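Trainee: The working numbering numbers the first residue of the sequence shown as 1 and each following residue consecutively.
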Amino acid sequence: MSANGQAPSEVAPHLARRGLVAVFGSTFLELVGVFMLSPLLLFTLKANGESTLLAGLFAACGWVGIFLVTPLVAGITLRLGRRRALWLAAALPLLATTGFLLTDHLGVWFALEFLAGMAGGLRWVLAEAVVAECSPPGQRGRYVGLFETMVGVTFVVGPALLAWVGPQRELALWLVLALTAAGLVWSFGIPALPPSADTESAPSGARGMWRAFRAYPVIMAAGLVGGFFESGVSSLLPLYGLALDLSPATAALLVSASGLGSAVLMLPAGVLADRMAHHPAQRWGNQGQARQALMRAFAWLTLAATALVPWVAPHPALAWPVVFLWGGAGGCLYTLAMIDIGDRESGLALVNGTAVLVMAYTLGGVLAPALGALALQVSAQVAFPALMLGIAAGGVATLQQASAGKRRGRY
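1. Give the DSSP-derived three-state secondary structure of Tyr216 in the structure shown.
2. Run the CB neighbour count on Gln282, radius 10 Å, all protein chains shown included, and call it buried at 16 or more, exposed below.
3. Could you tell me the distance, in whole angstroms, from the CA atom of Thr77 to the CA atom of Leu244?
4. Look at the alpha carbon of Met266 and the alpha carbon of Val125, and state the distance between them as a whole number of angstroms.
5. Among the residues of its own chain, which have a CB less than 6 Å from the CB of Ala257, if the five just before and after it don't count?
6. Could you pull out every residue in the same chain whose Cβ sits closer than 6 Å to the Cβ of Leu177, ignoring the five residues on either side in sequence?
7. Could you tell me which uninterrupted alpha helix (DSSP H) segments, each at least 4 residues in length, are contained entirely in the stretch 9-88, listed from first to last along the chain?
8. So does the stretch 143-152 actually touch the stretch 268-279, counting three or more Cβ pairs closer than 8 Å?
9. Whole-angstrom Cβ separation of Gly62 and Glu113, contact assumed at under 8 Å?
10. State yes or no: is the C-beta of Ser234 within less than 8 Å of the C-beta of Val264?
11. How long is the line joining the alpha carbons of Met36 and Ala249, rounded to whole angstroms?
12. Is the beta carbon of Phe213 sitting closer than 8 Å to the one on Val356?
13. Provide the residue span of the alpha helix (DSSP H) that contains Gly353, from first to last.
14. Buried or exposed: where does Gly138 fall if 16 or more other Cβ atoms within 10 Å of its Cβ makes it buried?
15. Should Pro167 and Leu253 be called a contact, given that it needs their Cβ atoms to be closer than 8 Å?
16. Quick check: the Cα distance between Pro314 and Ala163, rounded to an integer number of angstroms?
17. At the level of alpha carbons, what is the spacing between Asp343 and Leu260?
18. By Cβ distance, which residues of its chain are closer than 7 Å to Leu184, with the 5 residues on each side in sequence left out?
19. Of all the CB atoms in chain D, is at least one closer than 8 Å to the CB of Arg283?
20. Within 10 angstroms of the Cβ of Glu170, are there 16 or more other Cβ atoms? Answer buried if so, exposed if not.
21. For Leu101, does the count of other Cβ atoms within 10 angstroms reach 16, so buried, or fall short, so exposed?
22. Check the C-beta distance from Gly65 over to Leu115 and give it rounded, since I have them as a contact under 8 Å.
23. Measure from the alpha carbon of Thr44 to the alpha carbon of each residue in Tyr361, Phe384, Leu239 and Thr154, then state which is nearest.
24. How far does the alpha helix (DSSP H) with Gly166 in it reach, from first residue to last?
25. Taking Cβ to Cβ, would you say Pro191 is nearer than 8 Å to Arg83?
26. Here's the rule I'm using: 16 or more other beta-carbon atoms within 10 Å means buried, otherwise exposed. How should Asn352 be labelled?
27. Below 8 Å, can you find three or more Cβ-Cβ pairs linking the stretch 379-395 to the stretch 219-232?
28. Measure the Cβ-Cβ separation of Leu68 and Met118 and say whether it is below 8 Å.
29. Please identify the residue among Met209, Gly232, Leu173 and Arg79 whose C-alpha is closest to the C-alpha of Leu363.
30. For Phe110 and Gly56, I'd like the C-alpha separation in whole angstroms.
31. Skipping 5 residues on each side, what residues in its chain have a beta carbon closer than 7 Å to that of Cys332?
32. Helix, strand or coil, according to DSSP, for Gly152 in the structure here?
33. Does the distance from the C-beta atom of Gln377 to that of Leu54 stay below 8 Å?
34. On the three-state DSSP scale, how would you describe Gln400?
35. So, with DSSP's three-state summary, where would you put Asn339?
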């Protein structure tokens, strides 16, 4: 049952299948290009003599674009429809990559990164919402988990392609351009999904976002912690690797280790969420309480991994399991939150709920490279571990407190 009192609608099976294939394929191609491009641009900035702090701010710029566009997604969807809005989201990264090829001007690069971030935010919200709505009944956790796993695979494939091609070669940018162009072409296969029954009644803009935020505080807390440790820290890992005296190619592969954690853990987390939520004896409580229990477990796993960070500098091999668990646990927190929203909402209300979750996740993504780059510049051995431990412990405490408060309320 949705927050507005309506049961989530079901999309016709033939449209649902087409929508899932189109969104899965186009998103895979786009994100492989994105996660190949991000470390490439950071390495280029460092090779040009820019400071670690400026490179971190550049990485955060894309997240700012995502954060600012997210409240506008429902309004854009009302005006363009989900299909044309997804086409727009696929076309803008192609434009941004072309710009990176044509100029080395730092100010233009920041503007293009911001534009690409906005396009990414638009695709992110709409793709997640379409997958959740098109998933077969009773299997939402499986399909959302599979989609998030596919996204995690792009964390691995993109940096691995960059390491194979070489981070200093112009060929890498041309490959990114080809991938984003293919993603745009694949997007044309997205069908025109029927309007949801709540399109007229669900508010858009600030009212819709505020209602979704008030309805799902536990989910938003999970999104914030997940965004910090999965995508936010991942964008910082090339700089962290350089601070550990790793080569640029090896540092890029730290991003792959984080993505591998997401790829390995998110689908099992989704399947487990389905089984726990539909346990015949409700051993874990109702569906929402079962997913909350899993969220708290992954928050504790994040804290356990972060406790190893003070020993990473003298023992760099520890970086690999740490970033693997960061990516996996952070991705599972987001996946469980998305499953929960998809189980409660549909149509524009689902877009609003997804947008608020993405905002929370993106806030974590913005904070990680900005604060993390500053901490690395101060001390990779002291300041950076202290920051990571503080965020992980705060995440555990927030989820525990939010879940307790929600149990006393009306979850």
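Glycine included, C-beta positions come from ideal geometry on N, C-alpha and C.
Note that this is a predicted model, so its numbers are computed, not measured.
Mentor: Well, looking at it:
1. In this structure, Tyr216 counts as coil in the three-state DSSP scheme.
2. Classification of Gln282: exposed, given that the 10 Å Cβ count is below 16.
3. Cα to Cα, the separation comes out at about 44 Å.
4. Straight across, the Cα-Cα distance linking Met266 with Val125 is about 18 Å.
5. Taken in chain order, the residues that qualify are Trp320, Val323 and Phe324.
6. For Leu177, the CB contacts under 6 Å within the same chain, skipping 5 residues up- and downstream, are Thr97 in chain order.
7. The stretch 9-88 contains these whole alpha helix (DSSP H) runs: 13-47 and 52-69.
8. Remark: three or more beta-carbon pairs, one from each stretch, lie closer than 8 Å, so the stretch 143-152 and the stretch 268-279 are flagged as touching.
9. A Cβ-Cβ distance of about 5 Å is found for the pair Gly62 and Glu113, placing them in contact under the 8 Å criterion.
10. Taking 8 Å as the Cβ cut-off, Ser234 and Val264 do not qualify as a contacting pair.
11. The C-alpha of Met36 lies about 12 Å from the C-alpha of Ala249.
12. Yes. Within cutoff.
13. Element bounds for Gly353: Gly347 to Val378.
14. Exposed.
15. Going by C-beta atoms, Pro167 is not nearer than 8 Å to Leu253.
16. For Pro314 and Ala163, the distance between alpha carbons rounds to 25 Å.
17. Their backbone Cα atoms lie some 27 Å apart in a straight line.
18. The residues Ala90, Ala91 and Leu94, in chain order, have a CB closer than 7 Å to that of Leu184 in the same chain once the five nearest residues on each side in sequence are set aside.
19. Protein chains in the displayed structure number just one, and chain D is not present.
20. By the C-beta density criterion, Glu170 is exposed, having fewer than 16 other C-beta atoms within 10 angstroms.
21. Classification of Leu101: exposed, given that the 10 Å Cβ count is below 16.
22. Rounded, the Cβ-Cβ distance is 7 Å, consistent with contact.
23. Across the set Tyr361, Phe384, Leu239 and Thr154, the C-alpha of Leu239 shows the shortest separation from the C-alpha of Thr44.
24. Secondary structure note for Gly166: it is in no alpha helix (DSSP H), with a DSSP letter that is neither H nor E.
25. Pro191 places its beta carbon less than 8 Å from that of Arg83.
26. Classification of Asn352: buried, given that the 10 Å Cβ count is 16 or more.
27. With contact defined as three or more Cβ pairs closer than 8 Å, the stretch 379-395 and the stretch 219-232 are in contact.
28. Yes. Within cutoff.
29. Checked all of Met209, Gly232, Leu173 and Arg79; the closest Cα to Leu363 is Gly232.
30. Looking at the two C-alpha atoms, the distance is approximately 12 Å.
31. Only Leu265, Met266, Ala269 and Phe298 meet the Cβ criterion.
32. Judged by DSSP in its simplified three-state form, Gly152 adopts helix.
33. Result no, Cβ atoms of Gln377 and Leu54 do not sit closer than 8 Å.
34. Here Gln400 sits in helix by DSSP.
35. Looking at the sequence provided, one finds Ile at residue 339 rather than Asn. Of the three classes helix, strand and coil, the one that applies to Ile339 here is helix, per DSSP.
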